[in-house]
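Undergrad:
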Amino acid sequence: MQINISQILDYVKKEDVKRYEDSLKEYQKGLLDKTLAGHEFMGWLDLPERMQEDQLAAINDDVQRIAPEADVFVVIGIGGSYLGARAVIEALKHSFEALMPEKRPTVIYAGNNISEKYLSDLLELLDEKDYALTVISKSGTTTEPAIAFRILREHLEAKYGKKTARRRIIAITDKEKGALRQLTNQEGYSSYVVPDDVGGRYSVLTPVGLLPVAMAGVDVRQIIRGAGDMRNQLNNTHTLEDNPAFAYAAARNALYNKGKTTEVMAAFEPALHYFAEWWKQLFGESEGKDAKGIFPASVSFTTDLHSLGQYIQDGERNIIETVLHVENPRKSLNVPEDSANLDKLNYLSGKAIHEINHKAETGTIMAHVDGGVPVIQISIPEINEYHLGQLIFFYEYACALSGYLLGVNPFDQPGVEAYKNNMFALLGKPGFEEKTNEVYNRSSKQ
Ligand code: PA5
50 MQINISQILD YVKKEDVKRY EDSLKEYQKG LLDKTLAGHE FMGWLDLPER MQEDQLAAIN
110 DDVQRIAPEA DVFVVIGIGG SYLGARAVIE ALKHSFEALM PEKRPTVIYA GNNISEKYLS
170 DLLELLDEKD YALTVISKSG TTTEPAIAFR ILREHLEAKY GKKTARRRII AITDKEKGAL
230 RQLTNQEGYS SYVVPDDVGG RYSVLTPVGL LPVAMAGVDV RQIIRGAGDM RNQLNNTHTL
290 EDNPAFAYAA ARNALYNKGK TTEVMAAFEP ALHYFAEWWK QLFGESEGKD AKGIFPASVS
350 FTTDLHSLGQ YIQDGERNII ETVLHVENPR KSLNVPEDSA NLDKLNYLSG KAIHEINHKA
410 ETGTIMAHVD GGVPVIQISI PEINEYHLGQ LIFFYEYACA LSGYLLGVNP FDQPGVEAYK
470 NNMFALLGKP GFEEKTNEVY NRSSKQ
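Using my numbering, you'd call the opening residue of the sequence shown number 50 and step up by one each time.
1) Closer than 6 Å by C-beta to Tyr323: which residues in its own chain qualify, once you throw out the five before and the five after it? Chain order, please.
2) What would DSSP say about Lys408, mapped onto helix, strand or coil?
3) Classify Lys211 as helix, strand or coil using the three-state DSSP reduction.
4) Mapping DSSP to helix, strand and coil, what is Asn53?
5) Kindly list the residues whose CB is nearer than 6 Å to the CB of Gly87, restricted to its own chain and excluding five residues on each side of it in sequence; keep chain order.
6) Got a sec? Which residues, its chain only, sit under 7 Å from Leu304 by beta carbon, not counting five neighbours each side?
7) In terms of residues, what are the limits of the beta strand (DSSP E) holding Glu370?
8) State the DSSP-derived secondary structure class of Phe481, mapped to helix, strand or coil.
9) Should Phe295 and Leu450 be called a contact, given that it needs their Cβ atoms to be closer than 8 Å?
10) If we ignore side chains and look at the alpha-carbon of each, how far apart do Gln231 and Val243 end up?
11) For Pro244, list the residues DSSP reports as bridge partners.
12) Would you please state the rounded distance, in angstroms, between the beta carbons of Gly529 and Ser252? I believe it to be under 8 Å.
13) Beta carbon of Ile219: closer than 7 Å to some heavy atom of the ligand PA5?
14) In whole angstroms, what separates the C-alpha of Leu132 from that of Ala389?
15) Can we count Gln12 as close to the ligand PA5, meaning its CB is less than 7 Å from some heavy atom?
16) Measuring alpha carbon to alpha carbon, tell me which of Gln362, Ser428 and Thr351 ends up nearest Asn377.
17) For a quick check, are the C-beta atoms of Glu434 and Val247 less than 8 Å apart?
18) Below 8 Å on the Cβ atoms is my guess for Tyr180 versus Asp120; work out the distance and round it to an integer in Å.
19) Quick one: residues in its chain with C-beta nearer than 7 Å to the C-beta of His67, no 5 flanking neighbours on either side, listed in chain order?
20) Would you grab the beta carbon distance between Leu182 and Arg217 for me? Rounded to a whole angstrom, and I think it's under 8 Å.
21) What does Asn383 pair with, by DSSP beta-bridge criteria?
22) Rounded C-beta distance between Tyr76 and Ala299? I'm assuming under 8 Å.
23) Which first and last residues belong to the beta strand (DSSP E) in which Leu148 is found?
24) Just checking my contact of Tyr279 with Gln101 at CB under 8 Å: how many whole Å lie between their CB atoms?
25) Look at the alpha carbon of Phe198 and the alpha carbon of Gly126, and state the distance between them as a whole number of angstroms.
26) From the DSSP output, in three-state form, read off Glu466 for me.
27) Is the Cβ-Cβ distance between Asp363 and Gly420 less than 8 Å?
28) Given a cut-off of 8 Å on the beta-carbon distance, is the pair Leu254 and Ile441 in contact?
29) I need the straight-line Cα distance from Asp65 to Ser72, nearest angstrom please.
30) My parser needs the alpha helix (DSSP H) runs of 4 or more residues fully inside the stretch 87-159; what are they?
31) If you measure from the CB of Gln462, is any heavy atom of the ligand PA5 nearer than 7 Å?
32) Assuming His417 and Ile361 make a contact with CB atoms under 8 Å, what is their CB distance in whole Å?
33) Quick one: using the 10 Å Cβ neighbour count with 16 as the cut-off for buried, is Ser144 buried or exposed?
34) Mind checking whether Ile405 and Val372 have CB atoms under 8 Å apart?
35) Taking the Cβ atom as the reference point for each residue, do Asn470 and Phe481 lie within a distance shorter than 8 Å?
36) Buried or exposed: where does Glu193 fall if 16 or more other Cβ atoms within 10 Å of its Cβ makes it buried?
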């Protein structure tokens, strides 16, 4: 993985970026010594080592036991409890896997919304399929996954009987706290622990991310190897030139101080769509607080060059673009020659599709830099387990450093409670009675 921040230098001076280096060194030390705000959630730093052979073996046993009996594997979770797994699975799977019967089990998702249509459609599908599920919730009390799990558990029990249904459920939650842990112990589900010192959005390298990813047939050891190599590099380098997380954190903070308040992650491979969703959650929840933070957004190019591309080129000049470049697509396809040439495309005959995509990318970066958008480039040789592992660890580390530079605690998310409190009061949840009248009066005026 490589980073290039040279194309931001029309917008910020080199010394404006470099001046962060000393602070970054201090924050790096504070991370490693676990002395900074949020130190109780820094266990993710050691995950590449902590994911021991016995845990990986247990994951493998669950996969061997469940995969042959399931057409579909449902991952129930929201936010950090599903986005990391989805990012990796979607990046690596065949683009049309859902329509390929030989690729089983297909991983699908639930508990990340409260949509009646979505859940009803899901039940209709599951009536026809053999399936198993994992329910993932660190707190064990989050409403969206709890509702989905209650519905699917009932469905699973009606379909297979209580005893067999139990064998088709894997819970991933706190070791002792929360309603899900209680239910898991009572029912005897196979289960994994989300470590106390790892927050939801930093948990992709625990069973939270690795179990669903393994169920999709992905080699989790390669992900961990990539993450471990990146960790060694990031822990042992202390300059903007050698440490990509320093460079990224410094570049985006320097640009933020020049009024660049939105960062758009742009990928020219649609398979990276959910990687960008994971990144948005990581940075959005980590940095967006105390009335500060860069708003993380994403686009899929070239698709969105025909929609949001207009805004990026010409709209409000508050945007940073970070282009995620993939060197080698791992597949090979050329534009065919056509003697009639009615479509006037023969100038492309024989060219690889990825070459054309790369030219579109270069042209886009040039146009955006010319149009007032500083561009950061992050490159990986190809989309595989190892490089995704590297990227995951890089972004986690950079996010922590960037949050400290911004002056926030990157490991809490106090803002997430506000909607929940109102919703609980409106739904009459026990314990929220005092708020109920107030929110009802307000909601009737809306
Ligand atoms: O990153 C986070 O901490 C959050 O996005 C959580 O992952 C999300 O709210 C789900 O929480 P839980 O796993 O407790 O259900």
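Where a beta carbon is used, it is the ideal one built from N, C-alpha and C, also for glycine.
TA: Working from what's here:
1) Arg135, Ala136 and Glu139
2) helix
3) helix
4) It is a strand residue.
5) Excluding positions up to five away in sequence, the list reads Asn458 and Phe460.
6) Ile57, Tyr60, Val61, Ile369 and Pro423
7) Ile368 to Asn377
8) It is coil, neither helix nor strand.
9) yes
10) Near 15 Å, if we compare the C-alpha coordinates of Val243 and Gln231.
11) For Pro244, DSSP records no beta bridge to any residue.
12) Within the shown structure, residues of the chain are numbered from 50 to 495, placing residue 529 beyond reach of any answer.
13) no
14) 47 Å
15) The structure shown does not extend to residue 12, since the chain is modelled only from 50 to 495, so the question has no answer here.
16) Ser428
17) Not in contact: Glu434 and Val247 (Cβ atoms no closer than 8 Å).
18) 7 Å
19) Checking the sequence shown, residue 67 turns out to be Lys, not His. Cβ contact annotation for Lys67 (same chain, cutoff 7 Å, sequence separation greater than five): Leu289, in chain order.
20) 7 Å
21) Ala401
22) Tyr76 to Ala299, Cβ: 11 Å. No contact.
23) Neither: Leu148 is in no beta strand (DSSP E) and is coded neither H nor E.
24) Residue identity differs from the one stated: residue 279 is Met in this sequence, not Tyr. Not a contact, Cβ separation roughly 19 Å.
25) 9 Å
26) helix
27) Taking C-beta atoms as the reference points, Asp363 and Gly420 count as a pair closer than 8 Å.
28) yes
29) Cα to Cα, the separation comes out at about 13 Å.
30) Correct list: 96-99, 102-115 and 132-141.
31) yes
32) 6 Å
33) Ser144 should be labelled exposed.
34) no
35) yes
36) buried
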